[in-house]
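One structure below.
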Amino acid sequence: MILEKAFEKTLRAHVVPQLAADEASASDRSRMARESSASKSNTANCTDSSAATCTSSERTSHGNATNQAPLHGISNCPPSVGSCPLPTPLMEGSSTALLAILEHPSASPLKPSKPHSLFHPQARRPEEAHVQAADRGAVIRIAHLGDCMAVLIRGEEIVWRTEEMWWNFNTPVQLGPASSTRPRDARIFTIPVMEDDILILASDGLSDNLWDEDILDEVVRFRRTFFADSAASPTGDSFCSASLRRGSLAGMLSEALCSRARCVSQRRGSQRKASGLPQKVTLEAQNLEDDIPFGRRAREQGKCFQGGKPDDISVLVAVVSPVD
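Per the UniProt record's numbering, numbering through the sequence shown is continuous, rising by one, with the last residue being 324.
Structure representation (structure tokens):
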């Protein structure tokens, strides 16, 4: 599985095992102690009249130490600078995961996904995400873990969407060296796709600040603009111009969604406006107007939250193109 290989590669590249770090630290301290002892011995044998000779001797000693092969992962700096920075094991940090692959199904029937009971609630599985998908042409295979978001839009309608995966409120299921969750715990979907379907993959910074209707509003606005010229042309688009149009649509839609979500995330709560209505009615109306998905979930848990949800916002948009 690609997600498992990516996770293992990330751990090898960015996580130093604790045992290796301890051994490197002990070896580094022993080496520096020997070099420091040799340096002090050279200094003690010097007199005021031979200061230049002493300096040269010290410089030679340091140079020999510098020319030695450095230990793996250890910065080889001169003893006069002080303690070298030791490698710190990266045994903390975590991440959600979202992977999508467009492919034609194999001739053999797809195996049904195994049930998962790792978290609650479970993500929705569309009817077409099972064996029948093999008879419907191209499909997108998606691995989803955490509160990131995948949405498939066909025409002017959302036809499929992932559901967030949480342990508790604002505590998503995540991968990490200290987490019991593994890539095999990801939800796997097989979604049939058609030409000009739009797939949106995004971090929770988008879904926490924008409703699905807000996302669909942006998609419809750009879709009508980019596909209007093609529909009006009697001969249709050439393959190159159609590909360029789809690429431009994907790039500009991604930027528009990020910009809209960022504007919402920067809100700092509602400011009451002058009104003849009672204060309670006015405040409730403004709260509904400024409501965001994260704020509603917070209130459902009995927590007070107003304004936008500051967070990183990453959005990837793909438009499905025909093979020929």
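Glycine residues also receive a C-beta, built at the ideal position from the N, C-alpha and C atoms.
- request: Please list, in chain order, all residues of the same chain as A298 whose beta carbon is under 6 Å from its beta carbon, the five residues on each side excluded.
  value: Sequence index remark: in the sequence shown, residue 298 carries index 298 (1-based). Residues F305 of the same chain have their beta carbon placed closer than 6 Å to that of A298, with the five preceding and five following residues left out of the count.
field: Beta-carbon proximity check, V219 vs I198, cutoff 8 Å
entry: In the sequence shown, residue 219 corresponds to position 219, counting from 1. In the sequence shown, residue 198 corresponds to position 198, counting from 1. When the beta-carbon positions are compared, V219 and I198 come within less than 8 Å of each other.
task: Could you pull out every residue in the same chain whose Cβ sits closer than 6 Å to the Cβ of K280, ignoring the five residues on either side in sequence?
output: Taking the first residue of the sequence shown as 1, we reach residue 280 at position 280. Since pLDDT at K280 reaches only 46, below the 50 mark, its modelled position is unreliable, and the value read off the structure follows with that caveat. Closer than 6 Å at Cβ, skipping near neighbours: no residue.
- request: Please classify P172: is it buried, with 16 or more other beta-carbons within 10 angstroms of its beta-carbon, or exposed?
  value: As a working mapping, residue 172 is identified with position 172 in the sequence shown. Counting Cβ neighbours within 10 Å, P172 comes out buried, since at least 16 surround it.
- prompt: When the Cα atoms are used, what is the spatial distance from F7 to D185?
  reply: Translated into the one-based positions of the sequence shown, residue 7 becomes position 7. Translated into the one-based positions of the sequence shown, residue 185 becomes position 185. Straight across, the Cα-Cα distance linking F7 with D185 is about 13 Å.
query: Which residues mark the beginning and the end of the beta strand (DSSP E) in which A202 is found?
result: Here residue 202 refers to the residue found at position 202 of the sequence shown. A202 -> beta strand (DSSP E) spans 198-202.
- prompt: If you follow the alpha helix (DSSP H) that R299 is part of, which residue opens it and which one closes it?
  reply: Within the sequence shown, residue 299 is the residue found at index 299, counting from 1. Boundaries of the alpha helix (DSSP H) harbouring R299: 293-300, taken from the DSSP string.
query: What are the boundary residues of the alpha helix (DSSP H) that H14 is part of?
result: By 1-based counting over the sequence shown, the position of residue 14 is 14. In the DSSP annotation of this structure, the continuous segment of the alpha helix (DSSP H) that includes H14 starts and ends at 2-14.
task: For the segment 208-218 and the segment 177-195, state whether three or more C-beta atom pairs, one from each stretch, are separated by less than 8 Å.
output: No, because fewer than three Cβ pairs between the segment 208-218 and the segment 177-195 fall closer than 8 Å, the two stretches do not touch.
message: Going by DSSP, what residue range makes up the beta strand (DSSP E) through A138?
response: Walking along the sequence shown from the start, residue 138 turns up at place 138. Neither: A138 is in no beta strand (DSSP E) and is coded neither H nor E.
- prompt: Which of helix, strand or coil does DSSP assign to V219?
  reply: Counting from one through the sequence shown, the residue named residue 219 turns up at place 219. Helix, per DSSP.
task: Could you work out which residue in P192, G307, V315, I158 is closest to S254 when comparing CA atoms only?
output: The residue given as residue 254 occupies position 254 in the sequence shown. Checking every option, the nearest Cα to that of S254 belongs to V315.
- prompt: What residue does the beta strand (DSSP E) around W160 start on, and which one ends it?
  reply: Counting from one through the sequence shown, the residue named residue 160 turns up at place 160. It spans 157-161 - the beta strand (DSSP E) in which W160 sits, taken as one unbroken run.
Member of M165, W160, E156, G205 whose CA lies at the smallest distance from the CA of K309: If you number the sequence shown from 1, residue 309 lands on position 309. Selected option, being the one with the closest Cα: G205.
task: Could you name the residues of the same chain whose beta carbon sits closer than 8 Å to that of S95, not counting the 5 residues immediately before and after it, in chain order?
output: Taking the sequence shown and counting its residues from 1, one reaches residue 95 at position 95. G146, Q174, L175, G176.
task: With DSSP collapsed to three states, give me the class of E255.
output: For this step, residue 255 is matched to residue 255 along the sequence shown. E255: helix per DSSP, three-state reduction.
message: With H, G and I counted as helix, E and B as strand and the rest as coil, what does DSSP make of T225?
response: The residue labelled residue 225 in the question sits at position 225 within the sequence shown. DSSP places T225 in helix when its eight states are reduced to three.
Rounded straight-line distance, which links the Cα of T162 to that of H14: Residue numbering aside, residue 14 sits at position 14 when the sequence shown is read from its first letter. Residue numbering aside, residue 162 sits at position 162 when the sequence shown is read from its first letter. Between H14 and T162, the C-alpha separation is close to 29 Å.
- prompt: Anyone know if the C-beta pair for I313 and A242 falls short of 8 Å?
  reply: Your numbering for residue 313 matches position 313 in the sequence shown. Your numbering for residue 242 matches position 242 in the sequence shown. Result no, Cβ atoms of I313 and A242 do not sit closer than 8 Å.
query: Does the beta carbon of R221 fall short of 7 Å from some heavy atom of the ligand ADP?
result: The ligand ADP is absent from the structure shown, which contains no ligand whatsoever.
query: Hey, would you say H104 sits closer than 8 Å to A138, going by beta carbons?
result: One-based indexing of the sequence shown puts residue 104 at position 104. One-based indexing of the sequence shown puts residue 138 at position 138. Against a cut-off of 8 Å, the Cβ pair of A138 and H104 comes out as a contact.
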